[in-house]
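Each residue of the sequence shown is one higher than the one before, starting from 1223 at the first, in the working numbering.
In what follows, a structure is listed as structure tokens, so that the remarks can point back to it.
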Amino acid sequence: MREHAAQAPGPIGPLAVNLSAKTPENEIGKHLDLCAEQGVDIVITVGGHPKLIVQQAHDRGMKVFHDITSIPFAERAIAAGVDGLICIGAGGGGHSGTISHLALIRKVRSIFDGAIVMAGAISDGASIRAAEVLGADLAYLGTRFIATRESLAPDDYKRMLVAQTSAGLIYTGKVAGVAANWLVESLRAAGLDPNVLPEPKGKGMRHDHLPESAKPWKTLWSAGQGIDLIDDIPAVADLVARLKREYAQACKIPAIV
């Protein structure tokens, strides 16, 4: 990270890493020490209660953003002292909720003065502007950046994101133990019947109930409903330039009173 910062021609964003909130207590410190050594600014937590990670991350000068898919989850994370909430509304991909962003972001903003990230089904600049209007500080674009040239995702995955629409998604917790939207064609390609999926053997994120050929996010591919707006596989630089143009255009739309 420091080498990249020294060579970058312009400003770079903060370095963030994922750390499960269910990480064993005796391992949290080791992970966070490594993060501190590498100049990590933000720890992103998901699943479980983030309180222990929040305390130890703050001791090391790092902020914590926590994934939430409901208001009760948001309230628990706020009580734990998180610095930001990643609010994943209906239509998100890999880990999605069922609440409309119209309600989720507005409600969270009314009870939380930290950083709010809107996530789920965002694929263009107008959607980024909508996040801002609702009260979010940042927007997450996941699926849209999978379908880029630099993405390390399999080419078949990228092509499927272009070819399929939201009608080709199934929202279920039976694939990875947590609710997510999955590309039906990827389930079929792995030998699964989307209409008769096996039940997970326990709670939490797991896939030991699936055949060996079916591995979530490796051979089974998730996507958000934003695939309806994905028609190409551009270079990241070109996509970012496009998003900036779309956002600027959306900002020019006058309010109707």
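Yeah, the Cβ is synthetic: ideal placement off N, Cα and C, and Gly gets one too.
Taking just the CA atoms, how far does Phe1334 sit from Ile1300? 7 Å
In terms of DSSP beta bridges, what is Ala1296 paired with? When beta bridges are read from the DSSP output, Ala1296 appears opposite no residue.
How about Phe1287 and Gly1306: do their beta carbons lie closer than 8 Å? yes
Whole-number beta carbon distance between Ser1435 and Ala1412, since they are thought to touch under 8 Å: 5 Å
Segment contact, 8 Å Cβ cut-off, at least three pairs: the stretch 1350 to 1369 with the stretch 1459 to 1473: yes
Assigned secondary structure, Gly1306 (DSSP; H/G/I helix, E/B strand, else coil): Three-state result, Gly1306: strand.
Collapsed DSSP secondary structure at Met1340 in the structure displayed: Reduced to three states, the DSSP call for Met1340 is strand.
I'd like the list of long-range same chain contacts for Ser1322, defined as Cβ closer than 8 Å, with 5 residues on each side in sequence excluded. Gly1311 and Ala1312
Start and end of the beta strand (DSSP E) containing Ser1322? Unbroken run through Ser1322: none, as it is neither H nor E.
Please list the segments of the beta strand (DSSP E) lying wholly inside the stretch 1378 to 1442, counting only runs of 3 or more residues, in order along the chain. 1391 to 1394 and 1402 to 1405
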